[in-house]
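Plus 4 on top of the position in the sequence shown (first one is 1) and you've got full-length UniProt numbering. Note that the Cβ used here is the ideal one computed from N, Cα and C, for glycine as well. Below is one structure, written out as structure tokens; comments come after it.
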Amino acid sequence: ALPPIETDCVVIGAGPVGLFQVFQLGLQGLHAQVVDTLPAVGGQCLALYPDKPIYDIPGLPVCTGRELAERLLQQTRPFAPTFHLSQEVAELARQADGRWHLLTSTGTRFLTRTVFIAAGVGAFVARSLRLEGIAAFEGRQVHYQTPAAATLAGQRLLINGADDAAVQTAVEAGRLRQSADANAPRSVTLLHRKDAFEAAPELLAELAALRAADLVRVAVGQAIGLQTHDSAQGLRLTGLQIATADDEELTLPADQVLVFLGLAPRLGPLADWGLAMERKLLPVDPASCGTELPGIFAVGDINHYPGKRKLILCGFHEATMAAFAAAQWLSPNQAPVRLQYTTTSTQLQQRLGVA
Ligand code: FAD
Numbered sequence: 005a006l007p008p009i010e011t012d013c014v015v016i017g018a019g020p021v022g023l024f025q026v027f028q029l030g031l032q033g034l035h036a037q038v039v040d041t042l043p044a045v046g047g048q049c050l051a052l053y054p055d056k057p058i059y060d061i062p063g064l065p066v067c068t069g070r071e072l073a074e075r076l077l078q079q080t081r082p083f084a085p086t087f088h089l090s091q092e093v094a095e096l097a098r099q100a101d102g103r104w105h106l107l108t109s110t111g112t113r114f115l116t117r118t119v120f121i122a123a124g125v126g127a128f129v130a131r132s133l134r135l136e137g138i139a140a141f142e143g144r145q146v147h148y149q150t151p152a153a154a155t156l157a158g159q160r161l162l163i164n165g166a167d168d169a170a171v172q173t174a175v176e177a178g179r180l181r182q183s184a185d186a187n188a189p190r191s192v193t194l195l196h197r198k199d200a201f202e203a204a205p206e207l208l209a210e211l212a213a214l215r216a217a218d219l220v221r222v223a224v225g226q227a228i229g230l231q232t233h234d235s236a237q238g239l240r241l242t243g244l245q246i247a248t249a250d251d252e253e254l255t256l257p258a259d260q261v262l263v264f265l266g267l268a269p270r271l272g273p274l275a276d277w278g279l280a281m282e283r284k285l286l287p288v289d290p291a292s293c294g295t296e297l298p299g300i301f302a303v304g305d306i307n308h309y310p311g312k313r314k315l316i317l318c319g320f321h322e323a324t325m326a327a328f329a330a331a332q333w334l335s336p337n338q339a340p341v342r343l344q345y346t347t348t349s350t351q352l353q354q355r356l357g358v359a
């Protein structure tokens, strides 16, 4: 195993509040390591409403979820945070020296003096296809992320979903068939409850063209079961049983199934870290956003205190309170952390790289 990354601050969650936490820690002269299960930053704003408008960010009359995530990321740049994406913080345990040891699902380890839990409504993970017996095929014939192109070569590909990722994957597979690429699947079927898909207009136009050329087929219905075949090579998935809109049942043959049913938040391992939880939330002291464990702060949608409102702007305030409290906690023998203005403080401007 790699040695742990030794640091002052780890932020769990790169949603809007985790990102602003990084910024506020930076103003305090503190560098942050950030972990998120998603492959990109932005939390709910990016995972749940990337193209919808937000109207209540102070000073920004309107911006989309994606834009807000981009702007917050840009604002952290002067402090050069290190992002550890596509991994979940699985364990958090106190060490004899008072530091916290964190372990992620991909094996990254941290030894840190403070932790900022900005875990929102939980870790975002791909929503799974709930069919009896499916677990045996996950990772081999059923995937929640597009596998290497060679895995799909010559295979009957079934894509379940209707979002951008589903359409994009179907179009890419259709293009491979069109150009008779060596990795082209034998067939490409896109399965959804309705013949309606949510993706960028250009992508939808390309899908329509590939359908017209019979390079991609669309099947309307819902997966209700697996069709399997047992042979000397072992049990193989050969197709999905589908219920159509007219309540008929049919089988769609498939060697590889790609599932894009969106993301769902899962509270996950956080519940096992020895932190008191109230209705799946972490109670904090609003003056510091500190939890009852020393050096552990909770900010944004995951925390709770009297009067709490689950709004981005409230999370920004909480991140500010937590950064001040953490700076004091990390330097207990120093004078109280002073309030300084970014407008006039040379020290803050140096940290921001503008002085
Ligand atoms: P999140 O955005 O939930 O981010 C938490 C991140 O932590 C996630 O990326 C998750 O994957 C990660 N995570 C969790 N656990 C782990 C773990 N163990 N390891 C690694 N990563 C982990 N608010 C407004 O103020 N204005 C609006 O207009 C508005 N509109 C909204 C519209 C919709 C449709 C929805 C659903 C919400 C809206 N909200 C709005 C609410 C707002 O999005 C949330 O308040 C905000 O996203 C909370 O930010 P956060 O950073 O606390 O958590």
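Asked	Found
Supposed close pair residue 226, residue 203 - CB separation, criterion 8 Å	Their Cβ separation, rounded to whole angstroms, is 20 Å, which puts residue 226 and residue 203 out of contact at 8 Å.
Rounded separation between residue 97 and residue 263 - CA only	35 Å
Segment limits, alpha helix (DSSP H) that includes residue 207	205-216
Exposed unless 16 or more other CB atoms sit within 10 angstroms - verdict on residue 143	exposed
For residue 115 and residue 222, the rounded distance between their alpha carbons	50 Å
Span separating the alpha-carbon of residue 35 from that of residue 255	54 Å
Near the ligand FAD: residue 114 beta-carbon under 7 Å from a heavy atom	no
Reduced DSSP category for residue 350 - H, G, I as helix; E, B as strand; rest coil	helix
Own chain, CB closer than 8 Å to residue 2, minus 5 neighbours either side, in chain order	The question about residue 2 has no answer here: the residues shown for the chain are numbered 5 through 359.
Segment contact flag, the stretch 102-117 with the stretch 293-308, C-beta cutoff 8 Å, min 3 pairs	yes
Start-to-end residues for the alpha helix (DSSP H) that takes in residue 134	Neither: residue 134 is in no alpha helix (DSSP H) and is coded neither H nor E.
Residues that residue 235 bridges to, as DSSP identifies them	238
Inter-stretch contact (C-beta, 8 Å, three-pair minimum) for the stretch 68-81 and the stretch 43-58	yes
Contact check, residue 48 vs residue 129, beta carbons under 8 Å	no
Cβ-Cβ distance between residue 190 and residue 159 below 8 Å	yes
Any non-hydrogen atom of the ligand FAD closer than 7 Å to residue 39 Cβ	yes
The stretch 9-27 / the stretch 83-94 touching (three or more Cβ pairs under 8 Å)	yes
For residue 255, the first and last residue of its enclosing beta strand (DSSP E)	253-257
In DSSP terms, what residue 308 is bridged to	287
Residue 228, buried or exposed, once every other Cβ within 10 Å from all chains shown has been counted against 16	exposed
Those residues which DSSP pairs with residue 114 across a bridge	9 and 106
Selected residue, minimal CA-CA separation from residue 341, among 236, 327 and 311	327
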